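Here the numbering used here is used: position 184 in the sequence shown is 231, and no number is missing along the way. All C-beta atoms in this analysis are idealised placements derived from N, C-alpha and C, irrespective of residue type, glycine included. The structure presented is a predicted model; accordingly, all values stated were derived computationally and were not measured.
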Amino acid sequence: MKRWRRLAALSLASVVLVACSGQRPVAVSEKSSDPTTPVVGGKLVYGLSADAAGFNPVTDQFAAQSYSMATTIIEPLVSVDVNGDWKPYLAESLTPNKKSDEWTITVRSGVSFSDGTPLTGEVVKANLEAQKASPLNNAVLAPVSSFELVDPKTVKVKLKQPWVAFPYYLAAQIGMIVPPSSLADPRGASQKPIGTGPFTFQEYVPDSRFVVAKNANYWRKGLPYLTQIEFRILPDSQTRAQTLEAGQLDAMGTSRDEDITKFGALKDAFTVQRSQGMAVAEYMFMLNTAVKPFDDIRVRKALAHAMDRKAVISTLRGGLTKEADGPWSQDSKWYSPGGGYPEYDLAKATALVKEVEADKGPIKFEIISTPDPNTMQGIELAQDMWRKAGIEVTIKQADQADLINRAVTGNFAATVWTQFSSPDPDGEYIWMHKAYAGPVGAISLNFTRLKDDKLSQAFDVGRTSPDEATRKQAYATVQQRLRELVPYVFVDHLDTGAIIAKTTVRGIGEHVLPDGEKGLPMTGSPIPYHPFSGVWITQQ
């Protein structure tokens, strides 16, 4: 089981492909009466929904909570701006050749790890080679043929094919750089991370807290503002909200509509920052098309027609979200309108069920869910909708690690799922391309195991073409095929993911990159994460 868990970890490690980094320095003072001027000092207590599996980007699975903690210490080569475009971060520049099958990475000068080791091209090359050799991330780097050290500051990445979106992958776990000492001691790096970031490791108590302290030698002068951050692990969402309300937290992450509504109404005491655009994940039911009954497209369409998305949004989201018919939101430049997704129509669903029953007998399947009460509420609502169409559904609970392992090995028929928050559509390549669809029992990153030539060819065009119009057309085809083949029953864009903070906490959602451009404020699913170097606390 441990081997499956290491390999399955990629399903969380690569879902989110945006990195967190610091904010451009501004004039600060130790004390200031100006509520808009950052104040140096102070401790932030921050509530997270789960612990990390470890803090080594080469060996440990990273989910949103992992990024929240780890990126205070470890930084990536690339970041993403507010428009969703990649920008250099620890890298000074990334330059493709004409075919985009070679990328030259120039490392930023004057950057050192907190242990005093300088950041060099050799260190970057060693990190990328370790990522390619790691069972955790090697599938993502399959298109890479070699890494070459050109000079002390420059690494050339040679690819087997053009890859125009390659830098986006260096904005997440794969591009997070650790010193040679961490590469030499993976287990130690997992528990006591070292990086170039604005904070340094201070203390870690599993399932309780993770504490970081200000890096006095951080390369971005004037940052960070805070002296210390204590992340508290509070898995129960209600307890987390109550702890914030009681004043024992300064900020927390949530995905509950009731938290957004409640704290949003208390404008004098709290602020609410919600994810937007491509950073928003989709809530869906994922179907295994390689097993019964979902090897029959009629059954998949019946489930979609029986799904009353408006009722889900009204019941579970307080009416705050919008319906989804694919992996990208309607406010994204990659979204393609045109319909084709099975709309709610109970009569059509019932007719399809009767047609299948006449051929094959009653439709029955098991759906897997984590035991979280909010998640179970959604599963039970869907179960009732499908029952009304004549489909018998049983629910099996599993912890998150087991659920992911079953998805990777194909040991499931259907499961609740949240995914697709990459800033570029190529980030979804490995989850849907036929090349990553293995047989049941084998490891497959294409969890639905759908093998569709048109969909895969469209992803190939999107990966290799530098022309944006061509890419948009390719991803329009991707959306069309997903709507026609229904490997996912899409429900809504889960933009109830939010960070709620006391009004004394400033800088959340105000990410600024080293060159002065605005960075993507936050991303992640279902609860977002964000940079901490630009966060500060006003005087009490």
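Annotated three-state conformation of residue 93 is strand, per DSSP. Your pair residue 212 and residue 419 does not check out as a contact, with CB atoms roughly 33 Å apart and the cut at 8 Å. Contact between residue 158 and residue 354 does not hold, since their C-beta atoms are separated by about 49 Å, which reaches or exceeds 8 Å. DSSP places residue 556 in the coil class of the three-state scheme, outside both helix and strand.
Short of 7 Å from the beta carbon of residue 488, and not among the five residues preceding or following it, lie these beta carbons of its own chain, in chain order: 456, 457.
Contact annotation: residue 483 and residue 506 have beta-carbon atoms that are not nearer than 8 Å.
A distance below 6 Å between beta-carbons, with the five flanking residues on each side excluded, links residue 447 to the following residues of its chain, in chain order: 417.
Restricting attention to alpha helix (DSSP H) runs no shorter than 4 residues, the segment 88-143 encloses them at 111-117, ordered along the chain.
Residue 307 is not bridged by DSSP to any residue. Going by DSSP, residue 153 is part of the beta strand (DSSP E) stretching over 149-154.
Look at residue 171 here: in three-state DSSP terms it is helix. Taking a 10 Å sphere around the C-beta of residue 252, we find fewer than 16 other C-beta atoms and assign the residue as exposed.
With a minimum length of 3 residues, the unbroken runs of beta strand (DSSP E) contained wholly in the segment 268-342 fall at 275-280, 298-301, 317-321, 329-334. A buried status is given to residue 184, since no fewer than 16 other beta-carbon atoms sit within 10 Å of its beta-carbon. At least 8 Å separates the beta-carbon of residue 243 from that of residue 210. In the three-state reduction of the DSSP assignment, residue 356 falls in the helix class, which pools H, G and I. Distance between residue 387 and residue 83, taken at the CA atoms: about 48 Å. Secondary structure at residue 238: helix, using DSSP grouped into helix, strand and coil. Remark: C-beta atoms of residue 554 and residue 581 approach each other more closely than 8 Å.
Here residue 502 is buried: its Cβ has 16 or more other Cβ atoms, across all protein chains shown, within 10 Å. By the neighbour-count criterion, in which 16 or more other beta carbons inside 10 Å mark a residue as buried, residue 234 falls on the exposed side. A residue is called buried when at least 16 other Cβ atoms come within 10 angstroms of its Cβ; residue 295 does not meet this threshold and is exposed. Under DSSP, residue 194 takes part in a beta bridge, and its partners are 204. With fewer than 16 neighbouring CB atoms inside 10 Å of its own CB, residue 285 falls in the exposed class. For a cut-off of 8 Å, the C-beta gap from residue 308 to residue 269 is around 37 Å, too long to register as a contact. Residues 245, 246, 247, 271, 273, 274, 275 of the same chain have their beta carbon placed closer than 8 Å to that of residue 261, with the five preceding and five following residues left out of the count. Residue 524 sits in a helix when the DSSP states are folded into three classes.
Residue 205 and residue 188 have their alpha carbons spaced roughly 11 Å apart.
Nearest in C-alpha terms to residue 169, of all of 202, 533, 190, 140, is 202. C-alpha of residue 479 to C-alpha of residue 493: approximately 5 Å in a straight line. By the Cβ neighbour-count rule, residue 92 is buried, with 16 or more other Cβ atoms within 10 Å of its own.
Annotation for residue 556: 320, 546, 568, 569, 577 place their beta carbon closer than 8 Å to its own, counting only its chain and skipping 5 residues before and after.
Residue 103 is classed as buried because its beta carbon has at least 16 other beta carbons within 10 Å across all chains shown. For residue 496, there is no enclosing beta strand (DSSP E), since its DSSP letter is neither H nor E.
The beta-carbon distance between residue 430 and residue 363, rounded to whole angstroms, is 14 Å. This is too long to meet the 8 Å contact definition.
Between residue 109 and residue 220, the gap from beta carbon to beta carbon is short of 8 Å.
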